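Visitor: If you read the sequence shown in our numbering, its first letter stands for residue 4, the second for the next number, and so on. First the structure, which I've put down as structure tokens, then a few questions once you've had a look.
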Amino acid sequence: DDEESPQNVEVNRWLKHRYDSRPLIRLCADPFVTAQMILDFIQEHGTRAFYQPDDDDDDADGLLPLHILVHYNEFAGNDAIMTCFDVNPSALLSRDVEGVSPLDLLWLGHKFDDMKILIEDLCVKWYNHVDR
């Protein structure tokens, strides 16, 4: 399978080190990231980094962790994606500097099953949040 080729793992390792100054993005770019690793990050650092793109960086790309998990890290499992999404559901619709959201990336990548799960969960979260 081409997806698990050593070359693809090396690309993810390069991507991971590109974000040395952003620990959460670096973690999400790790080809071996798990939901537990993300939960451990939250325990140690809180959730602030899930909401803030790198706008103050000279090389700002506006990426949130969910962008990395759904598009740039083809090895990320659904549990890691859902853990990240659960922290900041609005990230699904957040656009990077190129105007692309994680939802757009899922569509472009033909990951329709993942889209369905995330959109359904987003609707449930919204429905439960609305005052009745």
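All residues carry an ideal CB built from backbone N, CA and C; glycine is no exception. Note that the structure is predicted; figures quoted are calculated from it, not measured.
By the three-class DSSP mapping on this structure, what secondary structure does TYR130 have?
Guide: Residue mapping note: residue 130 aligns to position 127 of the sequence shown, counting from 1. Note: TYR130 maps to helix in three-state DSSP.
Visitor: Under a three-way DSSP split, which group does ASP4 fall into?
Guide: Within the sequence shown, residue 4 is the residue found at index 1, counting from 1. With a pLDDT of only 46 at ASP4, under 50, the local geometry of the prediction cannot be trusted, and no value is derived from it.
Visitor: Along the chain, where does the alpha helix (DSSP H) that runs through THR86 open and close?
Guide: Translated into positions along the sequence shown, residue 86 becomes position 83. Counting along the chain, the alpha helix (DSSP H) containing THR86 begins and ends at 81–90.
Visitor: To the nearest angstrom, how far is the alpha carbon of VAL133 from that of VAL127?
Guide: Looking up residue 133 in the sequence shown gives position 130. Looking up residue 127 in the sequence shown gives position 124. Taking the straight line joining both Cα atoms gives about 10 Å.
Visitor: In its own chain, which residues sit with a C-beta less than 8 Å from the C-beta of GLU13, not counting the 5 before and 5 after it?
Guide: To locate residue 13, count along the sequence shown from 1; it is residue 10. No residues qualify anywhere along the chain.
Visitor: Please list the terminal residues of the continuous alpha helix (DSSP H) segment that includes ILE28.
Guide: Position 25 of the sequence shown, counting from 1, holds the residue named residue 28. 26–32 is the extent of the alpha helix (DSSP H) around ILE28.
Visitor: Alpha carbon to alpha carbon, how far is ASP5 from TRP110?
Guide: The residue given as residue 5 occupies position 2 in the sequence shown. The residue given as residue 110 occupies position 107 in the sequence shown. Reliability of the predicted coordinates at ASP5 is poor, the pLDDT of 49 falling under 50, and no value is obtained from them.
Visitor: Should PRO68 and LEU95 be called a contact, given that it needs their Cβ atoms to be closer than 8 Å?
Guide: Taking the sequence shown and counting its residues from 1, the one referred to as residue 68 is at position 65. Taking the sequence shown and counting its residues from 1, the one referred to as residue 95 is at position 92. Taking 8 Å as the Cβ cut-off, PRO68 and LEU95 do not qualify as a contacting pair.
Visitor: Do VAL36 and ASN76 have their C-beta atoms within less than 8 Å of each other?
Guide: If you number the sequence shown from 1, residue 36 lands on position 33. If you number the sequence shown from 1, residue 76 lands on position 73. Contact: yes.
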